[in-house]
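Numbering (the working numbering), first residue to last: 2 to 325.
Where a beta carbon is used, it is the ideal one built from N, C-alpha and C, also for glycine.
Quick caveat: nothing in here was measured; it's all calculated off a predicted structure.
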Amino acid sequence: MYSAHVDSNSPAESSSAAVAEAAFLDPATEETYQAARTRLLAPTSGPSGSVWLVLSLLAFAALELVQRGSISNLVLLVAVLLFHELGHYVGMVALGYRDVRMFFIPLFGAAVSGRRGGGSQTREAVVLLLGPVPGIVFGASAAVGAVAFHSMGLKTVAEYLLGINLLNLLPVIPLDGGRLGSVILFSRWRWSEALFVGGTLAVAIIFCASHGAWVFAGGALFLLLLLPVQLRMSKAAARLRDEGVALANDPAALDDRAMRALFMGVTSVMPKATPKVAADWMGQVLEMASRRAPSVGRSLALLAVWAAAFGVGVFAMTLVALLK
Numbered sequence: 002m003y004s005a006h007v008d009s010n011s012p013a014e015s016s017s018a019a020v021a022e023a024a025f026l027d028p029a030t031e032e033t034y035q036a037a038r039t040r041l042l043a044p045t046s047g048p049s050g051s052v053w054l055v056l057s058l059l060a061f062a063a064l065e066l067v068q069r070g071s072i073s074n075l076v077l078l079v080a081v082l083l084f085h086e087l088g089h090y091v092g093m094v095a096l097g098y099r100d101v102r103m104f105f106i107p108l109f110g111a112a113v114s115g116r117r118g119g120g121s122q123t124r125e126a127v128v129l130l131l132g133p134v135p136g137i138v139f140g141a142s143a144a145v146g147a148v149a150f151h152s153m154g155l156k157t158v159a160e161y162l163l164g165i166n167l168l169n170l171l172p173v174i175p176l177d178g179g180r181l182g183s184v185i186l187f188s189r190w191r192w193s194e195a196l197f198v199g200g201t202l203a204v205a206i207i208f209c210a211s212h213g214a215w216v217f218a219g220g221a222l223f224l225l226l227l228l229p230v231q232l233r234m235s236k237a238a239a240r241l242r243d244e245g246v247a248l249a250n251d252p253a254a255l256d257d258r259a260m261r262a263l264f265m266g267v268t269s270v271m272p273k274a275t276p277k278v279a280a281d282w283m284g285q286v287l288e289m290a291s292r293r294a295p296s297v298g299r300s301l302a303l304l305a306v307w308a309a310a311f312g313v314g315v316f317a318m319t320l321v322a323l324l325k
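Have a look at this one:
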């Protein structure tokens with residue numbers, strides 16, 4: 002980590018203010034910084050969002066079809082996942098996220114990615130809820146219809162909608178409910194957030210492994226192994242704020258002092274990082290440094306929405322289970 006105190010024996014830990022005085026003394030470091038800065042301000046574009054969605058969907062469908070062997074169940078599963086992720090997607094676009102993409106993850110499900118760009122985390126919490134809450138509403142409606150008309154078809158639709166979306170509301174990382182809990186309850190304190198993330202991932206690993214879900218256990222283990230790096234990144238973000246570096250949600254708005262301080266914070270964690278990796282982490286540290294936890298009132302309101310959706314989902318699932 003860089004430090005606010007200059008240590009002549011540890012040039013990598015010089016303060017961001019000192020870094021801003023001149024270019025890096027090491028030409029190689031300066032070259033890496035300039036390349037990382039360029040990548041951060043003008044990231045290289047990969048396949049278009051629609052191409053990536055189609056390719057990932059085909060890979061996901063092929064593997065699921067091998068496992069399930071039922072085209073009708075596969076179509077229903079894909080439809081429910083698309084509906085869930087479309088809620089996240091629309092929320093991100095409406096709330097000003099950048100580079101929003103939807104894609105499928107073979108064997109895991111689907112996801113939407115985008116750059117929030119700092120600011121209040123209320124937006125992130127709303128986006129997290131916009132995935133499972135509409136699915137719960139439609140699933141509950143399908144459950145009522147299944148009971149009213151004694152429809153096995155509606156029962157199956159309700160089971161898929163409620164099962165997938167209730168699962169996502171569980172307060173376990175990396176599910177929507179776990180990420181929501183991290184945002185509204187634990188993001189104000191770095192160590193409490195790390196303990197919550199680490200604890201829920203450990204629970205997920207044990208649960209998945211005990212039920213033979215080795216792919217999901219492996220995914221949770223991978224995220225757990227990344228936690229120390231994430232923790233050090235959050236420390237770098239905290240120091241940027243403590244040092245009074247002029248932060249902006251948009252990397253293009255950073256002055257040279259702030260950009261170099263950001264680079265030093267990342268390379269102190271990963272001194273051998275390539276320009277691409279450094280640029281990726283610079284963007285993440287900047288977002289961490291410029292984010293603000295929701296107010297207490299908003300946190301309580303968001304928590305109430307989560308609790309209501311979860312309660313409705315459990316009731317509707319119980320209703321469906323009673324239908325024979």
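Please classify residue i: is it buried, with 16 or more other beta-carbons within 10 angstroms of its beta-carbon, or exposed?
{"i": "His-89", "result": "buried"}
{"i": "Lys-156", "result": "buried"}
{"i": "Glu-32", "result": "exposed"}
{"i": "Phe-104", "result": "buried"}
{"i": "Leu-162", "result": "buried"}
{"i": "Thr-39", "result": "exposed"}
{"i": "Phe-109", "result": "exposed"}
{"i": "Ser-193", "result": "exposed"}
{"i": "Ile-106", "result": "exposed"}
{"i": "Trp-307", "result": "buried"}
{"i": "His-212", "result": "exposed"}
{"i": "Met-260", "result": "buried"}
{"i": "Val-52", "result": "exposed"}
{"i": "Arg-69", "result": "exposed"}
{"i": "Gly-266", "result": "buried"}
{"i": "Pro-329", "result": "The shown model of the chain, from 2 to 325, leaves out residue 329, and the question about it has no answer."}
My assumption, with CB atoms under 8 Å, is that residue i sits in contact with residue j. Please give the rounded CB distance.
{"i": "Ala-126", "j": "Leu-181", "result": "6 Å"}
{"i": "Gly-140", "j": "Asn-166", "result": "6 Å"}
{"i": "Arg-242", "j": "Ala-305", "result": "Their Cβ separation, rounded to whole angstroms, is 30 Å, which puts Arg-242 and Ala-305 out of contact at 8 Å."}
{"i": "Leu-320", "j": "Ala-210", "result": "No, Leu-320 and Ala-210 are not in contact; Cβ-Cβ is about 32 Å, not under 8 Å."}
{"i": "Gly-164", "j": "Pro-172", "result": "The Cβ separation is near 17 Å, so there is no contact."}
{"i": "Leu-66", "j": "Ala-253", "result": "The Cβ separation is near 44 Å, so there is no contact."}
Let me check one thing: in DSSP terms, what residues is residue i bridge-paired to?
{"i": "Met-283", "result": "None, per the DSSP bridge assignment."}
{"i": "Ile-106", "result": "Gly-110"}
{"i": "Arg-293", "result": "Ser-121"}
{"i": "Arg-116", "result": "Arg-99"}
How many angstroms separate the CA atom of residue i from the CA atom of residue j?
{"i": "Trp-215", "j": "Leu-225", "result": "15 Å"}
{"i": "Phe-150", "j": "Ser-235", "result": "53 Å"}
{"i": "Glu-288", "j": "Asp-281", "result": "11 Å"}
{"i": "Glu-160", "j": "Asp-177", "result": "19 Å"}
{"i": "Leu-82", "j": "Asp-257", "result": "43 Å"}
{"i": "Ala-262", "j": "Gln-231", "result": "18 Å"}
{"i": "Pro-295", "j": "Ser-188", "result": "9 Å"}
{"i": "Gln-122", "j": "Val-101", "result": "17 Å"}
{"i": "Ala-238", "j": "Phe-223", "result": "23 Å"}
{"i": "Pro-229", "j": "Tyr-34", "result": "24 Å"}
{"i": "Leu-78", "j": "Arg-240", "result": "45 Å"}
{"i": "Leu-87", "j": "Asp-27", "result": "47 Å"}
{"i": "Ala-195", "j": "Ser-183", "result": "9 Å"}
{"i": "Leu-130", "j": "Val-138", "result": "12 Å"}
{"i": "Ala-62", "j": "Leu-75", "result": "7 Å"}
{"i": "Ala-36", "j": "Tyr-98", "result": "25 Å"}
{"i": "Gly-219", "j": "Gln-285", "result": "24 Å"}
key: Whole alpha helix (DSSP H) elements within the segment 24 to 87, 4-residue minimum   = 28 to 42 and 50 to 69
inquiry  = At 4 residues or longer, what runs of the alpha helix (DSSP H) sit wholly inside the segment 145 to 203?
reply    = 153 to 170 and 177 to 182
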